[in-house]
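Remarks on the structure that follows.
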Amino acid sequence: MSDSPFPFGPIPVLQGRVVVVSGDDIDTDRIIPARYLKCVTFEGLAHGAFADDRLELEGSHPFDRPEHQGASILVVNRNFGCGSSREHAPQALMRWGIRAVVGESFAEIFFGNCLALGIPCLSGDHATILALQQAALRQPDASFRLDLATAEIHSHSPGAAAESTQRWSLELAAGPRQMLLSGQWNATGQLLSHDEELVRTAARLPYLAGFALV
Amino acid sequence: MGLEGTVSAGTLYDKVWDMHRVAELPGGSTQLFIGLHLIHEVTSPQAFAALKELGLGVRHPERTVATVDHIVPTTSQVRPFADSLAEEMLSTLEGNCAEHGITLHGLGSGRQGIVHVIAPELGLSQPGMTVACGDSHTSTHGAFGAIAFGIGTSQVRDVLASQSLAMNKLKVRRILVEGHLQPGVFAKDLILHVIRHLGVKGGVGYAYEFAGSCIDALSMEERMTLCNMAIEGGARCGYVNPDATTFAYIKGRPFAPEGMAWDQAVAWWSSLASGPDAVFDDEVRFDAGTIAPTVTWGITPGQGIGVDETVPIPEQMAAEERPIAEEAYRYMDLAPGTPILGLPVDVCFIGSCTNGRLSDLRAAAAVARGRQVAAGIKAFVVPGSEQVAALARAEGLDRLFQDAGFEWREPGCSMCLAMNPDRLEGRQISASSSNRNFKGRQGSASGRTLLMSPAMVAAAAVTGHVSDVRELLENPCTFASAPAETRPVATSPSLLP
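Those protein sequences? They're chains H and Y, same order as listed. When we follow the working numbering, the leftmost residue of the first sequence carries the number 1, and every step to the right adds one. When we follow the working numbering, the leftmost residue of the second sequence carries the number 215, and every step to the right adds one.
This is the structure we're talking about:
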């Protein structure tokens, strides 16, 4: 597990080792089983990350393998984070040490939950992600650099020449990208800054004006 | 339309979105006003804690409504709960609601239940609203012609603080369903059929508008089942255009408009439906008459088949579907080509925000009436709310189920996600009226779930294996003591669907 601080401020670049969790449709119940949701804080959720899958694989799950301890970039496949809206899922990943997720596609609520924590989710096509996963599995100690401005990830192995660097193009929609680059991924302040607009919007909604909640 | 004034042309989604637009945010997302914020004990405590840390209050406590559902035991609900963590979660919610002036429909209030069951039955969920809740099945409220979607805890914090969210507009796919569902085929079968064909990620980026003659004929409770599982198809919200069925359901409920306001509400609600000029980003058609009772065999809600079909073989699948199917064969211990009919089950669960309403219990009761739960099967019924429980008791459904060997429980989410003591053990297989068959979903890391309609669950309970409910309905048990038609005892007529 990582000791690095939780995301804060602008996030232009992330650097670290990759952990691959392959498979489509990995739902948030698998990322963190419901029994770990019995809590009133998110502290301590790291141990719940992929808990049942890890139990089943008896130590051979990527999150348990010694070479992946301290990894910060999670690479997944399609529809990662589907199912329950539990923010406990990205919270558990973040507290395990994950600072970015790269995959073929993401469920919407999961993507939004990650963004709200300052964890970018970048996507790439099938061939790109497969190549990235294979490169990471071949060189578990390789360092990867994720550049949000260009939406690229590249690697080089320790001691290797610069020309051996591999590079993959990813995608991140302009909105989330700008939020992360500018450090405004935490929306609360922005939302509160529109006080007058909030009052005006409420005033024109018929169900608030004519038939409000008692 | 602009930010002021009347309802625009387009889809219901467009109209509701435009009315609730607060501002455009840097980066291209929209600040959207949230008309109704529903909260519960699992996804709100950290949001309240964050609010406190930021020194913020709740902007619209009168538009925020709380209940407790996920962690409540369904046997004894006496406080304090035996599970101290569950007790801490409920007392935290009670404290937060008291501190911020939020109404909490708590245990024993007569209004407690699964959040997606109580908001409709109290008349809180209405057409034209935006509804948010820290629960993915918030899509349920789309049945009323609301734009309703699940959010995470950071967003719960944002809605508490600002009554708004940063959102990106979705595309709209119209799902046209024509014709009629056959006897023994329910809204649950329809939505499992839709997800089977459009996939569990087919709806990502879309809102699903359900329309067509089949949808027009559905009751509100059936529409709720349908919209509830839109998220299982990847669509963050699903909705049905409001119509006379919608208005009749809402009228007279505790939070429904009354008098002059009622007429004005109906006029406004009627204007919200997608018009003939509405442009959809996509359209898909289904024929309701061809849909069979549907059962999932795998580990995603998209892995469903008609009860008379066999577990699909890899050669019949798109290449990209094969890896998850292979994983499902292994986990479920089901070989390709195996008939699903006759598969033995261990546990039968009737309940959840998908299928824990009065009509669901009636449909299951019609199968259970005069029959007995098969030997070795644990079968239990968990009403979706205290109100559902009271109405069911008033028409004798509790006794009917108990006479048939089912356990009759107190309301809550129960074994849908197993955050309370109701859970599978080991590799047990459940026939479940809930919404997710994910690995480990029902509380055992190796437990297995077959999703189906409540009537199909009852059929599995009395036979001990997956059965075709149509056969049991064709041959009703003749020695039943209950009257053939159990119409409700009208203790509270205005609350009946």
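Glycine included, each C-beta is placed from N, C-alpha and C at the ideal position. As the structure is a prediction and not an experimental result, all values here were calculated from the model.
Check whether the Cβ of residue i lies closer than 8 angstroms to any Cβ atom in chain Y.
i, result
"valine 20 (chain H)", "no"
"glutamine 184 (chain H)", "yes"
"proline 10 (chain H)", "no"
"aspartate 52 (chain H)", "yes"
"methionine 1 (chain H)", "Unreliable positioning characterises methionine 1 (chain H) in this predicted model, as indicated by a pLDDT of 47, which lies under 50. The coordinate reading is nonetheless provided below. Not an interface residue."
"methionine 94 (chain H)", "no"
"serine 60 (chain H)", "no"
"glutamate 87 (chain H)", "yes"
"histidine 47 (chain H)", "no"
"aspartate 27 (chain H)", "yes"
"glutamate 108 (chain H)", "yes"
"leucine 205 (chain H)", "yes"
"glutamate 171 (chain H)", "no"
"threonine 201 (chain H)", "yes"
Within 8 angstroms (strictly less), CB to CB, does residue i reach chain H?
i, result
"glycine 342 (chain Y)", "yes"
"histidine 234 (chain Y)", "yes"
"lysine 415 (chain Y)", "yes"
"lysine 229 (chain Y)", "no"
"asparagine 382 (chain Y)", "yes"
"methionine 443 (chain Y)", "no"
"serine 573 (chain Y)", "no"
"glutamine 478 (chain Y)", "yes"
"alanine 532 (chain Y)", "no"
Just the Cα atoms here: how many angstroms apart are residue i and residue j?
i, j, result
"isoleucine 505 (chain Y)", "valine 683 (chain Y)", "14 angstroms"
"tryptophan 231 (chain Y)", "glutamate 535 (chain Y)", "35 angstroms"
"glutamine 530 (chain Y)", "valine 101 (chain H)", "32 angstroms"
"aspartate 27 (chain H)", "asparagine 77 (chain H)", "12 angstroms"
"serine 72 (chain H)", "tyrosine 453 (chain Y)", "39 angstroms"
"lysine 44 (chain H)", "serine 323 (chain Y)", "Note on residue identity: the sequence assigns glycine, not lysine, to residue 44 (chain H). Using only the alpha carbons, I get a separation of about 34 angstroms."
"aspartate 53 (chain H)", "arginine 30 (chain H)", "7 angstroms"
"valine 408 (chain Y)", "leucine 440 (chain Y)", "10 angstroms"
"alanine 203 (chain H)", "alanine 209 (chain H)", "7 angstroms"
"methionine 1 (chain H)", "phenylalanine 50 (chain H)", "For methionine 1 (chain H), the pLDDT reaches just 47, beneath the cut-off of 50, and the residue's location in the model is therefore unreliable, although a value from the coordinates is still provided. Going from the Cα of methionine 1 (chain H) to the Cα of phenylalanine 50 (chain H) covers about 14 angstroms."
"alanine 606 (chain Y)", "alanine 578 (chain Y)", "12 angstroms"
"valine 345 (chain Y)", "proline 558 (chain Y)", "40 angstroms"
"alanine 107 (chain H)", "arginine 655 (chain Y)", "18 angstroms"
"glycine 249 (chain Y)", "isoleucine 328 (chain Y)", "20 angstroms"
"threonine 568 (chain Y)", "histidine 679 (chain Y)", "22 angstroms"
"alanine 645 (chain Y)", "cysteine 562 (chain Y)", "5 angstroms"
"histidine 411 (chain Y)", "glycine 516 (chain Y)", "8 angstroms"
"alanine 669 (chain Y)", "threonine 677 (chain Y)", "12 angstroms"
"alanine 34 (chain H)", "glutamine 478 (chain Y)", "44 angstroms"
"cysteine 630 (chain Y)", "arginine 167 (chain H)", "44 angstroms"
"glutamate 87 (chain H)", "alanine 116 (chain H)", "10 angstroms"
"alanine 696 (chain Y)", "leucine 664 (chain Y)", "Because alanine 696 (chain Y) sits at a pLDDT of 42, beneath the cut-off of 50, its placement in the model cannot be relied upon, and the point is left open."
"phenylalanine 110 (chain H)", "phenylalanine 80 (chain H)", "8 angstroms"
"alanine 672 (chain Y)", "serine 681 (chain Y)", "9 angstroms"
"arginine 576 (chain Y)", "glycine 83 (chain H)", "28 angstroms"
"leucine 413 (chain Y)", "isoleucine 538 (chain Y)", "Per the sequence shown, the amino acid found at residue 413 (chain Y) is glycine instead of leucine. Rounded to whole angstroms, glycine 413 (chain Y) to isoleucine 538 (chain Y) spans 12 angstroms at the Cα level."
"alanine 151 (chain H)", "threonine 165 (chain H)", "16 angstroms"
Let's see if you can read the secondary structure: which residues bound the beta strand (DSSP E) around residue i?
i, result
"glutamate 423 (chain Y)", "420 to 425"
"lysine 592 (chain Y)", "592 to 595"
"serine 169 (chain H)", "166 to 169"
"valine 414 (chain Y)", "First-last for valine 414 (chain Y): undefined, no H or E at that position."
"isoleucine 11 (chain H)", "First-last for isoleucine 11 (chain H): undefined, no H or E at that position."
"alanine 380 (chain Y)", "378 to 381"
Could you give the residue range of the alpha helix (DSSP H) that holds residue i?
i, result
"lysine 229 (chain Y)", "226 to 233"
"threonine 189 (chain H)", "The identity of residue 189 (chain H) in the sequence shown is glycine, whereas the question assumes threonine. Run containing glycine 189 (chain H): 188 to 192, per the alpha helix (DSSP H) assignment."
"glycine 473 (chain Y)", "473 to 485"
"threonine 28 (chain H)", "28 to 31"
"glutamate 197 (chain H)", "195 to 204"
"threonine 663 (chain Y)", "Taken as a continuous stretch (DSSP letters only), threonine 663 (chain Y) belongs to no alpha helix (DSSP H), being part of the beta strand (DSSP E) at 662 to 665."
task: Please list the segments of the beta strand (DSSP E) lying wholly inside the segment 244 to 329 of chain Y, counting only runs of 3 or more residues, in order along the chain.
output: If only complete runs of 3 or more residues are kept, the segment 244 to 329 of chain Y shows the beta strand (DSSP E) at 244 to 247, 250 to 253, 278 to 281, 317 to 319, in order along the chain.
message: Which complete alpha helix (DSSP H) runs does the segment 442 to 471 of chain Y hold, if anything under 4 residues is left out?
response: Entirely contained in the segment 442 to 471 of chain Y, the alpha helix (DSSP H) runs reaching 4 residues are, in chain order, 458 to 464.
- prompt: Can we say the segment 362 to 382 of chain Y touches the segment 392 to 405 of chain Y, given the rule of at least three CB pairs closer than 8 angstroms?
  reply: No, the segment 362 to 382 of chain Y does not touch the segment 392 to 405 of chain Y.
- prompt: How about the segment 621 to 630 of chain Y and the segment 285 to 302 of chain Y: do they share at least three Cβ pairs that are nearer than 8 angstroms?
  reply: Yes: the two stretches touch, three or more of their Cβ pairs being nearer than 8 angstroms.
- prompt: Is there contact here, the segment 310 to 324 of chain Y with the segment 170 to 186 of chain H, by at least three beta-carbon pairs under 8 angstroms?
  reply: With a cut-off of 8 angstroms, the segment 170 to 186 of chain H and the segment 310 to 324 of chain Y do not count as touching, because too few Cβ pairs lie within range.
field: Meets three-Cβ-pair contact criterion under 8 angstroms: the segment 184 to 202 of chain H and the segment 361 to 378 of chain Y
entry: Touching, per the Cβ criterion.
- prompt: Are the segment 600 to 620 of chain Y and the segment 650 to 663 of chain Y touching, with three or more C-beta to C-beta distances below 8 angstroms?
  reply: Short answer: they don't touch.
- request: Pair every Cβ in the segment 612 to 620 of chain Y with every Cβ in the segment 60 to 69 of chain H, then say whether three or more of these pairs are closer than 8 angstroms.
  value: The count of Cβ pairs closer than 8 angstroms, one atom from the segment 612 to 620 of chain Y and one from the segment 60 to 69 of chain H, stays below three, leaving the stretches out of contact.
- request: Ignoring anything shorter than 4 residues or poking outside the segment 62 to 138 of chain H, list the alpha helix (DSSP H) runs there in chain order.
  value: If you keep only unbroken alpha helix (DSSP H) runs of at least 4 residues inside the segment 62 to 138 of chain H, you get 88 to 96, 108 to 117, 126 to 138.
query: Curious, which full-length alpha helix (DSSP H) runs of at least 4 residues does the segment 599 to 660 of chain Y contain?
result: Runs found: 600 to 608, 611 to 617.
Every unbroken beta strand (DSSP E) inside the segment 481 to 569 of chain Y [3 residues or more]: The segment 481 to 569 of chain Y contains these whole beta strand (DSSP E) runs: 496 to 501, 508 to 510, 518 to 520, 561 to 564.
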